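Report on the structure given below.
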Amino acid sequence: MVSKRKLKLKKHWTTGQTALQRFNTAFLRDTDKLNEFKIALNNRFQPLQDLLEERETTMDNNWTGIKKAPTSTCQDVLDRNKHHHKEWISCETLDKIRERKNNKTEINNSRTTAEKVRAQAEYIEANKRVKRSIRDSRRKYVEELATTVEKA
1 MVSKRKLKLK
11 KHWTTGQTAL
21 QRFNTAFLRD
31 TDKLNEFKIA
41 LNNRFQPLQD
51 LLEERETTMD
61 NNWTGIKKAP
71 TSTCQDVLDR
81 NKHHHKEWIS
91 CETLDKIRER
101 KNNKTEINNS
111 RTTAEKVRAQ
121 AEYIEANKRV
131 KRSIRDSRRK
141 YVEELATTVE
151 KA
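Be aware that the sequence shown starts at 1, since it is given in UniProt numbering, and climbs by one per residue.
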């Protein structure tokens, strides 16, 4: 038994460059997040300073440590910039949105009807808090814009 077969091979193109990582730097406007970021960054660079003083490590190891410290700190503290949020949405509102999203997953993962009813009640309350917070954030942003325009 003889057969003919055609085989297509797909070429995977690799550029050698990694994708650019964008972090949500809008969180740095919040003083708590800014202080947390500064402390985490200082904690990352402290072991590198100790290694530099010992003089036992190579320059390549030092450079990789210095290069990875800010990006790893940003990953831990700031999160990735997944969506473009409006500039008037505050950090507290984004936290409430995350909480609402977690409540929604609880609804979807609940097994019994009693759990589902309880999770839906929590979600409704979280949704009200999110809407109220968004309304307040937008109002505050518009008022700040109005004051800056009046000063100019």
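For every residue, glycine included, the Cβ atom is placed at its ideal position computed from N, Cα and C.
The structure presented is a predicted model; accordingly, all values stated were derived computationally and were not measured.
Supposed contact pair residue j and residue i - C-beta distance, whole angstroms, cut 8 Å
i   : j   : result
N24 : R98 : With 8 Å as the limit, N24 and R98 do not qualify as a contact, their Cβ atoms being about 12 Å apart.
I66 : L48 : 6 Å
Same chain only: Cβ atoms within 8 Å of residue i, ignoring 5 sequence neighbours per side
i    : result
K104 : Y123
L78  : F23, N24, T25, F27, L28, K33, F37
I134 : I89, T93
V2   : none
Three-way DSSP call (helix, strand, coil) for residue i in this model
i   : result
R98 : helix
R44 : helix
R80 : strand
Residue range of the alpha helix (DSSP H) that includes residue i
i    : result
I89  : Element bounds for I89: n/a, residue is neither H nor E.
T71  : 59-77
L145 : 113-151
Same chain, Cβ closer than 6 Å to residue i, neighbours up to 5 away in sequence not counted
i    : result
S137 : W88, I89, S90, T93
Y141 : W88
S110 : K116, A119
E106 : A119
Own chain partners of residue i with C-beta closer than 7 Å, once the 5 adjacent residues on each side are dropped
i    : result
T71  : Q21
R129 : K96
Contact test: residue i Cβ vs the ligand ATP heavy atom, cutoff 6 Å
i   : result
W63 : For the ligand ATP, the structure offers nothing, since it holds no ligand at all.
Closest residue to residue i among the options (Cα-Cα distance)
i    : options              : result
D95  : A69, C74, D30        : D30
I39  : W63, A121, T113, C74 : C74
N127 : T147, K6, R100, A146 : R100
K68  : T58, K86, E53, R44   : R44
N102 : E125, E150, M59      : E125
Short CB-CB distance (under 7 Å) between residue i and chain B
i    : result
N103 : Looking at the structure shown, chain B is missing, and only one protein chain is on hand.
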